[in-house]
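Below is one structure; the comments refer to it alone.
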Amino acid sequence: MQDPIDITKGVDPAISGLKPSSLISGTINVILGVVGIVAFFFLLVGGIQWIMAGGDKEATEKARKKITASLVGLAIVFSAYALLFILSTLFNINLLQFTLKPLIQY
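Pasting the structure below:
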């Protein structure tokens with residue numbers, strides 16, 4: 001009798017146990033992180049534009065709008081994270097470390 005074929009050879013051990021539920025939670029965390037970093041970057045750019053405006057009303061107004069938009073973006077990201085945390089606590093599920101239990105126990 002032949003030995004069974006090991007189909008896990010060549011598979012990275014880091015992804016061999018990857019589940020759709022961990023993929024969902026990882027995606028949520030990555031999206032929130034990227035959006036937060038982008039909003040912070042625009043906050044910095046707006047601050048630099050404000051400094052470089054040199055008293056020009058139009059340039060100062062554009063910089064102010066960029067700063068306001070980035071602060072709103074950061075507030076949305078932090079609110080989304082806080083909402084996920086609150087919902088996780090209320091419903092006793094961890095939305096930030098999402099796991100699904102199997103429907104059928106073997």
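If you use UniProt numbering, the sequence shown closes out at 106, no skipped numbers anywhere. Ideal Cβ placement from N, Cα and C applies to all residues, glycine included. No experiment lies behind these values; they were computed from the predicted model shown.
Just the Cα atoms here: how many angstroms apart are M52 and A59? Here residue 52 is taken as the residue at index 52 of the sequence shown, counted from 1. Here residue 59 is taken as the residue at index 59 of the sequence shown, counted from 1. Distance between the alpha carbons of M52 and A59: 8 Å.
Taking the CB atoms as reference points, tell me whether I67 and G36 lie closer together than 9 Å. Walking along the sequence shown from the start, residue 67 turns up at place 67. Walking along the sequence shown from the start, residue 36 turns up at place 36. Cβ distance not < 9 Å, so I67 and G36 don't count as in contact.
So, for A39: in the same chain, excluding its five sequence neighbours on each side, which residues have a beta-carbon less than 7 Å away from its beta-carbon? Working through the sequence shown from its first residue, we reach residue 39 at position 39. For A39, where only same-chain residues beyond five positions count, the Cβ hits under 7 Å are S70, G73, L74, V77.
Does the Cβ of T63 have 16 or more other Cβ atoms within 10 Å, making it buried, or fewer, making it exposed? As a working mapping, residue 63 is identified with position 63 in the sequence shown. According to the sequence provided, residue 63 is Ala. The question's Thr does not apply to it. Buried, by the Cβ-count rule.
Please return the same chain residues whose Cβ sits closer than 8 Å to the Cβ of K57, not counting the five positions on each side in sequence. Translated into the one-based positions of the sequence shown, residue 57 becomes position 57. Cβ within range, chain order: n/a, list empty.
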